[in-house]
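Line by line, the protein sequences give chains R and C. One point on numbering: in numbering that gives the first Met the number 0, the residue at position 59 of the first sequence is 58, and numbering is uninterrupted. One point on numbering: in numbering that gives the first Met the number 0, the residue at position 162 of the second sequence is 161, and numbering is uninterrupted.
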Amino acid sequence: MKILSVDDSAIIRKIICGCVDVLGYDFLEAENGQQALDILSDQYQDVQLILLDWNMPVMDGYETLTKLKADDRFKEIPVMMVTTESEKTNIIAAMKAGAKHYVVKPFSQEDLTSRIVECMGLAV
Amino acid sequence: MTTQAAGTIDAELVNAFMNATTEVLGTMAQTEVNFKGAKAETDFKPTGDISSVIGITGQKGSGVVMLSFPINVASLIVSRLLGTTEAQVTSEDRCDGIGELANMISGNAKTKMSAGDEEPYKLSLPSVILGTGHSISGHPNNQPNLIMVFGVDEEDFTVQLCFKYN
């Protein structure tokens with residue numbers, strides 16, 4: 000089973016990869032929303048969780064989220080926003096659009112791992 | 000509404016970036032940084048070998064934030080972000096890490112600055128400039144420019160703010 004990280008920062012994707020490794024999942028990565036949709040078209044049946052940044056070139060996180068939730072193939076995959084956008088209006092907009100969890104950067108690897116466990120309903 | 004004196008940057012903005020820098024490096028890189036002081040400058044010049052620049056726009060005005068690091072400090076911080084050794088940090092890691100730090104610090108600061116504003120501040124995507132003695136062009140001269148100096152393990156890096164009030 001796989002977890003997909005969508006973030007234009009390679010460093011953030013590497014940090015998230017470390018969290019995913021600890022949990023024993025396979026890691027997929029995309030630099031923007033469009034790349035994420037392309038990856039999901041082939042592999043959506045194996046993806047258990049999507050971690051989604053907000054500010055990205057090509058296709059931002061909010062647009063990606065709305066596209067994911069409008070597509071029958073992807074809409075049941077839980078989405079966790081992982082972003083520097085911490086204004087209440089953004090958090091509400093993301094939750095209304097179907098995000099399950101919202102994590103504001105900065106985060107520690109321990110905290111993010113815990114949030115992934117919580118989001119996926121895994122036993123600790 | 001408050002009026003900002005020409006050539007100054009208000010304390011709210013300075014405190015927001017000072018606290019954001021400490022918080023982001025503490026949380027993401029488990030690195031304690033010490034605020035060593037601030038000084039006003041007329042030139043917007045990088046102080047280190049690698050710099051990341053990000054634009055910020057809001058109701059009160061707009062400006063530019065620049066983080067500037069000596070290469071060894073950049074490697075140290077990025078190694079801590081990744082949980083690796085400094086020797087394992089690649090040039091790509093350094094550039095990407097310093098860009099993401101500018102994004103996270105500015106994002107954290109803008110939340111503090113936007114409290115009570117109808118429209119939150121907006122950020123551009125970060126740009127990274129690399130090379131000893133590099134410079135930045137296109138900066139609006141004669142705008143308030145503040146350099147904040149932070150210490151990490153006996154070394155320094157800077158966070159510069161150039162902000163033009165509406």
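Every residue gets a Cβ at the ideal spot worked out from N, C-alpha and C, and that includes glycine.
Query raised in the report: Taking Cβ positions only, does L75 (chain C) come closer than 8 Å to chain R?
Result: In the second sequence, the residue the question calls residue 75 (chain C) occupies position 76. Output row for L75 (chain C): interface = no.
Query raised in the report: In chain R, what lies closer than 7 Å to V23 (chain C) by C-beta?
Result: To locate residue 23 (chain C), count along the second sequence from 1; it is residue 24. Chain R residues near V23 (chain C): P105.
Query - Cβ pair count under 8 Å reaching 3, the segment 82-94 of chain C against the segment 16-23 of chain C - result: The segment 82-94 of chain C is not in contact with the segment 16-23 of chain C.
Query - Outcome for A114 (chain C) when other beta-carbon atoms lying within 10 angstroms are tallied against a minimum of 16 - result: Position 115 of the second sequence, counting from 1, holds the residue named residue 114 (chain C). Taking all protein chains in view, the Cβ of A114 (chain C) is surrounded by fewer than 16 other Cβ atoms within 10 Å, so the residue is classified as exposed.
Query raised in the report: Mind pulling the beta strand (DSSP E) runs of 3 or more residues that sit fully within the segment 28-72 of chain R?
Result: Counting whole runs of 3 or more residues, the segment 28-72 of chain R contains the beta strand (DSSP E) stretches 46-51.
Report task. Output yes or no for whether 8 Å exceeds the beta carbon distance between V103 (chain R) and T88 (chain R). Result -> If you number the first sequence from 1, residue 103 (chain R) lands on position 104. If you number the first sequence from 1, residue 88 (chain R) lands on position 89. No, the Cβ-Cβ distance between V103 (chain R) and T88 (chain R) is not below 8 Å.
Requested in this report: Could you tell me whether the Cβ of P119 (chain C) comes closer than 8 Å to any Cβ of chain R?
Outcome: Counting from one through the second sequence, the residue named residue 119 (chain C) turns up at place 120. Interface residue (Cβ-Cβ distance to chain R less than 8 Å): P119 (chain C) is classified as such.
Query raised in the report: Is the number of C-beta pairs between the segment 106-125 of chain C and the segment 56-68 of chain C that are closer than 8 Å three or more?
Result: Yes: at least three Cβ pairs fall under 8 Å.
Query raised in the report: Are the beta-carbon atoms of V21 (chain R) and I2 (chain R) separated by less than 8 Å?
Result: Numbered from its first residue, the first sequence carries residue 21 (chain R) at position 22. Numbered from its first residue, the first sequence carries residue 2 (chain R) at position 3. Not in contact: V21 (chain R) and I2 (chain R) (Cβ atoms no closer than 8 Å).
Query raised in the report: List, in order along the chain, the chain R residues whose C-beta lies closer than 8 Å to that of L129 (chain C)?
Result: For the purposes of this step, residue 129 (chain C) is taken as residue 130 along the second sequence, with counting starting at 1. Residues of chain R whose Cβ lies closer than 8 Å to the Cβ of L129 (chain C) do not exist; the shortest such Cβ separation is about 15 Å.
Query raised in the report: Helix or strand or just coil, what does DSSP make of F149 (chain C)?
Result: Against the second sequence, residue 149 (chain C) aligns to sequence position 150. F149 (chain C) carries a strand assignment under DSSP once its states are collapsed to helix, strand and coil.
**Report entry** T30 (chain C) versus V127 (chain C) - alpha carbon distance
**Finding:** Numbered from 1 along the second sequence, position 31 holds the residue referred to as residue 30 (chain C). Numbered from 1 along the second sequence, position 128 holds the residue referred to as residue 127 (chain C). T30 (chain C) and V127 (chain C): Cα-Cα distance of roughly 21 Å.
Query raised in the report: Is it true that the CB of R93 (chain C) sits closer than 8 Å to the CB of I53 (chain C)?
Result: If you number the second sequence from 1, residue 53 (chain C) lands on position 54. If you number the second sequence from 1, residue 93 (chain C) lands on position 94. A distance of 8 Å or more separates the beta carbons of I53 (chain C) and R93 (chain C).
Report task. Using a Cβ-Cβ cut-off of 8 Å, state whether D9 (chain C) counts as contacting chain R. Result -> Within the second sequence, the letter at position 10 stands for residue 9 (chain C). Answer no: the Cβ-Cβ gap between D9 (chain C) and chain R never drops below 8 Å.
Query raised in the report: Using the beta-carbon of each residue, which ones in chain C are nearer than 7 Å to G17 (chain R)?
Result: By 1-based counting over the first sequence, the position of residue 17 (chain R) is 18. Within chain C, G82 have C-beta atoms less than 7 Å from the C-beta of G17 (chain R), given in sequence order.
Requested in this report: Determine whether the Cβ of N54 (chain R) lies closer than 8 Å to any Cβ atom of chain C.
Outcome: Here residue 54 (chain R) corresponds to residue number 55 of the first sequence, with the count starting at 1. Taking Cβ atoms only, chain C reaches closer than 8 Å to N54 (chain R), which makes this a yes.
Query - chain R residues whose Cβ lies nearer than 9 Å to that of D92 (chain C) - result: Working through the second sequence from its first residue, we reach residue 92 (chain C) at position 93. Here the neighbours are A9, I10, K13.
Query raised in the report: So, does the CB of E109 (chain R) fall closer than 8 Å to a CB anywhere in chain C?
Result: Translated into positions along the first sequence, residue 109 (chain R) becomes position 110. Proximity of E109 (chain R) to chain C, defined by a Cβ-Cβ separation below 8 Å, is not satisfied.
Query - Residue range of the alpha helix (DSSP H) that includes T56 (chain C) - result: Walking along the second sequence from the start, residue 56 (chain C) turns up at place 57. Looking at the DSSP string, T56 (chain C) is not in any alpha helix (DSSP H); the run it does join, the beta strand (DSSP E), is 49-56.
Requested in this report: Let me know if R12 (chain R) comes out buried or exposed under the rule of 16 or more other beta-carbons within 10 Å of its beta-carbon.
Outcome: Start at 1 with the first residue of the first sequence, and residue 12 (chain R) comes out as number 13. Looking at its Cβ environment, which holds 16 or more other Cβ atoms inside 10 Å, R12 (chain R) is buried.
Requested in this report: Count the other CB atoms, across all protein chains shown, that sit within 10 Å of the CB of E99 (chain C); report buried if there are 16 or more and exposed otherwise.
Outcome: The residue you call residue 99 (chain C) lines up with position 100 of the second sequence. Sixteen is the threshold: when 16 or more other Cβ atoms of the shown chains lie within 10 Å of the Cβ of E99 (chain C), as they do, the residue is buried.
Requested in this report: Please go through the segment 106-130 of chain C and give each complete beta strand (DSSP E) segment of 3 or more residues, from N-terminal end onward.
Outcome: Runs found: 126-129.
Report task. Determine the direct distance from the alpha carbon of M103 (chain C) to that of P105 (chain R), and round the result to whole angstroms. Result -> For the purposes of this step, residue 105 (chain R) is identified with residue 106 of the first sequence, where counting begins at 1. For the purposes of this step, residue 103 (chain C) is identified with residue 104 of the second sequence, where counting begins at 1. For P105 (chain R) and M103 (chain C), the distance between alpha carbons rounds to 7 Å.
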